[in-house]
Amino acid sequence: MVQRGGGERREVFDMSLSAFPSPWKSIWFHPRQTIRILLDSPDSDRYAWKIAKGFGIVAAVFAGLEELGRTNSSPWIFLWVVLATYAYMLFSLWLTGQTGAAVGKWMDGCGSARDVRIAAAWSWAPALLIYPVQLAATGYVVAGGLGTEQLFETVPGMMFLSWTLLICFWSVGVGAATVSVAHRFGVVKGAVTSFVMSVPSWLLGMLIYLPSEFR
């Protein structure tokens, strides 16, 4: 929709899921056009944090459920996993914004940490579909009495894996497009910046979660 104020026309989105056009829909197939509108919206940074919080809640629930399935878990470890997962998603968005702004400027970009933060948060939106796929895969494993390692020996298991990989690659492509707009350079530079700015968050995630895998 178009908002008028201060003598200028500004196109803004209705953020509700039922709205049309909605960034939740257009980010999938028109990421560059979508993020251009979002970067001009005064509420976009606040909404980026809402996305991170939503992602953190969903990720924390799934991490907690996984922890409950461990035979050597405890209430304190469960609490740590849930809280650390939620906090990690929020800190990851901040860290990605700071790193992405620095890397982009090194590559002659002009985006601020706010711009990169918004671009990164909306590139996560498609990845939220990974969790319903994981939930369906878990339900299939439980219903069939399978072990996790046996899942990928079945046709449905390979379908779950294929959908997960497709969503991941799609999200990466969206990230390259949105970051390129934030820095006002090409998609190739956007892809490089998007990859490099994600590395610190990946390393931090490994430091947080790898110890729990070897306890």
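Here this note's numbering runs 128 ahead of the position in the sequence shown, where the first position is 1. Glycine residues also receive a C-beta, built at the ideal position from the N, C-alpha and C atoms. Keep in mind it's a predicted model, so treat the numbers as computed, not measured.
Please determine if the region 237-244 and the region 311-327 are in contact, where contact requires at least 3 C-beta pairs separated by less than 8 Å.
yes
Cα-Cα separation, residue 285 to residue 170:
43 Å
If you scan the region 248-276 from start to end, which runs of the alpha helix (DSSP H) of 4 or more residues do you find wholly inside it?
258-272
Identify which residue in 256, 330, 213, 233 has its Cα closest to the Cα of residue 223.
330
Under 8 Å, do residue 336 and residue 259 count as touching if we go by C-beta distance?
no
Over what stretch of residues does the alpha helix (DSSP H) that includes residue 301 continue unbroken?
283-311
Would you call residue 204 buried or exposed, if buried means 16 or more other Cβ atoms sit within 10 Å of its Cβ?
exposed
Measure the Cβ-Cβ separation of residue 249 and residue 191 and say whether it is below 8 Å.
no
Please classify residue 178: is it buried, with 16 or more other beta-carbons within 10 angstroms of its beta-carbon, or exposed?
exposed
Same chain, Cβ closer than 7 Å to residue 187, neighbours up to 5 away in sequence not counted:
213, 217
Sub-8 Å separation of residue 206 and residue 221 beta-carbons
no
Reduced DSSP secondary structure (H/G/I, E/B, other) of residue 183:
helix
Span of the alpha helix (DSSP H) holding residue 220?
203-234
Any idea what DSSP makes of residue 135, helix, strand or coil?
The predicted model places residue 135 with a pLDDT of 45, which falls under 50 and marks its position as unreliable; any figure quoted below should be read in that light. Residue 135: coil per DSSP, three-state reduction.
Taking the CB atoms as reference points, tell me whether residue 247 and residue 307 lie closer together than 8 Å.
yes
Nearest to residue 253 by alpha carbon, out of 327, 184, 274?
184
If the criterion is Cβ atoms closer than 8 Å, does the pair residue 232 and residue 245 meet it?
no
Taking the alpha-carbon positions, what's the residue 280 to residue 289 distance?
8 Å
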